[in-house]
Ligand SMILES: Cc1cc2nc3c(=O)[nH]c(=O)nc-3n(C[C@H](O)[C@H](O)[C@H](O)COP(=O)(O)OP(=O)(O)OC[C@H]3O[C@@H](n4cnc5c(N)ncnc54)[C@H](O)[C@@H]3O)c2cc1C
């Protein structure tokens, strides 16, 4: 294995690049959550559907539901970056953020990307205004992760003017509130997406599920009994429903990552606010270094998640700007499947870590419903399960990485490279992590492994490339911030990036060692590769505790995440 080349990487979009107008939309969302959603949280948690519908109406009035809807259909024609910012701020809205994401994402975007002119005109203005609420119905009792095995059927009627749908779609978010559902059903040509209105005869909704968390978002079964759906309601082409389902899910994964970031920030804020007030052993909790370590860990992960998610959204916007036709657009959306899955996995795990540590910092009080953090903990758990479980997303990441780059691992997709320049510690960690990713791809590619059967290798590959993407995104962002504001003003960002890159490299190294140890069956070759990994001239590990204490102090002083 050769020593990794040290390189500088190209800039990407960062949260610091938002314009004043974008920030105004963020502020509007924050105020909406504070003034409209928060006072209604108890009502919506008790399934007060009228209160939920009213919130949608208000969000529509404010323009928040139409961020990605073209102007001619009542939207704002904005982009993924701003949609991400709104989803992040909405992440402070508990279960309403789930209802919102489903409506503005999978409940609306299928019309934007796949709808005919007529479909766009009839549905998008109502969805953007919040007059109608949208939902997405793919899952069935026997078709969860294996969603394409759905049994709901659609049969063309005798005169060919419409379809007859029969089946049951399980755990459909917004089911009770929705006026229109994007439903996936099997036809003789394969899976097909249909627009099904709530008022069509034969459509009904089962009782509300009793859930662990996100109790304010409706989850119920959508029942379809001989439902006649007009031919004009086929979304996309018959037999192409899987393309609608998968491409829309990719976008939903990115949107979910943004709301996970919001909820993680809320958990951090609650933890710090509590930790400043609560005293034990005559000291505030935030003055104990073990608590400071937790606060810093949360902040570092959030910074990584933000850097990766906004970078992905920026790159997606750039790609979608140069689209020729709908086929080209679909191809571009599909090109981002790996990045969307990386963000979904990372964002949901960052959220889980944050809510878990926030409860821990609250001690026993965190276990009491009186404290908001208890709800955050329960609400967070679903994020690793829906929009594709994190296991399924890891398989997706690993498979795409292998398919695209196994033949030429030197051309890993993680941003184009710019030659030259002096490499600092973090650049070196990223460069060596990249080298280990290449080595892992090479080892698997030259083994006899059937990775479909031995999924642990795909999991390790996914974790390696996930950490690499996050490290690189955080590094790019920090470099840009320092170029703009100087190192003095960005000392905390630098400390955060230092922790993230060093700890990220350690995780990548461990994963690469596990992967090579399992995949390389020739003991001599295995010994050589492992030795090479250990001999990589990585920077000397530092005292990260000191950096973490400084990060925690900064956050504690401001009583919130610092960006
Ligand atoms: C609150 C809530 C809201 C939801 N909202 C919607 C909605 O609006 N619309 C909709 O269509 N669906 C919705 N869903 C369904 C959701 O998308 C599915 O629950 C999810 O895709 C997982 O399917 P499953 O629950 O059947 O789990 P399963 O597929 O049975 O998986 C169980 C476990 O096995 C693992 N597993 C499964 N297959 C593999 C494999 N090949 N390799 C390794 N591990 C595997 C999974 O990762 C998981 O850990 C919702 C679910 C919930 C709970």
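Residue numbers (the numbering used here): 4 to 566. Glycine included, each C-beta is placed from N, C-alpha and C at the ideal position. Since this is a predicted model, take the numbers as computed values, not measurements.
Nearest in C-alpha terms to residue 123, of all of 77, 241, 387, 460, is 77. If you look at residue 398, you'll find it in the alpha helix (DSSP H) that goes 393-408. Nearest to residue 212 by alpha-carbon distance, out of 206, 205, 220, is 220. Cβ contact annotation for residue 81 (same chain, cutoff 6 Å, sequence separation greater than five): 70, in chain order. When the five nearest sequence neighbours on each side are left out, the beta carbons in the same chain lying within less than 8 Å of the beta carbon of residue 144 are those of 171, 173, in order along the chain. Per DSSP, the beta bridge partners of residue 237 are 197.
Following the DSSP letters along the chain, one finds residue 446 inside the alpha helix (DSSP H) bounded by residues 428-448. Using a Cβ distance threshold of 8 Å, residue 242 and residue 202 do not count as a contacting pair. In this structure residue 198 does not touch residue 206 by the C-beta definition: roughly 12 Å separates them, more than the 8 Å allowed.
Across the structure, residue 449 and residue 338 are spaced so that their CA atoms are roughly 25 Å apart.
Residues of the same chain with a CB within less than 6 Å of the CB of residue 48, apart from the 5 flanking positions on each side, are 218, 219 in chain order. In the three-state DSSP reduction, residue 388 falls in the coil class, being neither helix nor strand.
Assigned with DSSP and collapsed to three states, residue 247 falls in helix. In the same chain as residue 79, and ignoring 5 residues on each side of it, the C-beta atoms closer than 6 Å to its own belong to 66, 69, 70, in chain order. Of the candidates 513, 112, 504, 276, the residue whose Cα lies closest to the Cα of residue 376 is 276. Between the beta-carbon of residue 554 and that of residue 536 there is about 29 Å, and that puts the pair past the 8 Å contact cut. Cβ atoms of residue 443 and residue 393 stay farther apart than 8 Å, at about 20 Å. Judged by beta-carbon spacing, residue 273 lies beyond the 8 Å limit of residue 302, meaning their Cβ atoms are not closer than that value.
Within the same chain, Cβ atoms closer than 7 Å to the Cβ of residue 21 are found at 88, the five residues on either side in sequence being excluded. Between residue 148 and residue 400, the beta carbon gap of about 15 Å keeps them out of contact (Cβ cut-off 8 Å).
The C-beta distance from residue 183 to residue 139 rounds to 10 Å, too long to meet the 8 Å contact threshold.
Rounded to whole angstroms, the separation of the alpha carbons of residue 116 and residue 402 is 25 Å.
Taking a C-beta distance under 8 Å as the contact criterion, residue 232 and residue 135 do not qualify as a contact pair. Contact between the stretch 507-527 and the stretch 446-460 is present: three or more C-beta pairs spanning the two stretches fall below 8 Å.
Here residue 287 is bridged, per DSSP, to 282. The Cβ neighbour count for residue 342, taken over all protein chains shown within 10 Å, is at least 16; the residue is labelled buried. In this structure, the C-beta of residue 217 approaches ligand 1 to less than 7 Å from one of its heavy atoms.
Counting C-beta atoms within 10 angstroms of its own C-beta, residue 163 has fewer than 16 neighbours from the protein chains shown and is therefore classed as exposed.
In this structure, the straight-line span from the alpha carbon of residue 405 to that of residue 106 is close to 34 Å. Per DSSP, residue 522 has no beta bridge partner at all. The C-beta separation of residue 476 from residue 310 comes to about 4 Å, placing the pair in contact by the 8 Å criterion. DSSP links residue 189 through a beta bridge to 156, 194. In this model, residue 501 and residue 428 are separated by some 8 Å (Cα to Cα). For residue 469, there is no enclosing beta strand (DSSP E); the residue is part of the alpha helix (DSSP H) that begins and ends at 459-488. Sorting 543, 35, 119 by C-alpha distance to the C-alpha of residue 235 places 119 at the top.
Assignment of residue 112 by DSSP, reduced to helix, strand and coil, places it in the helix class.
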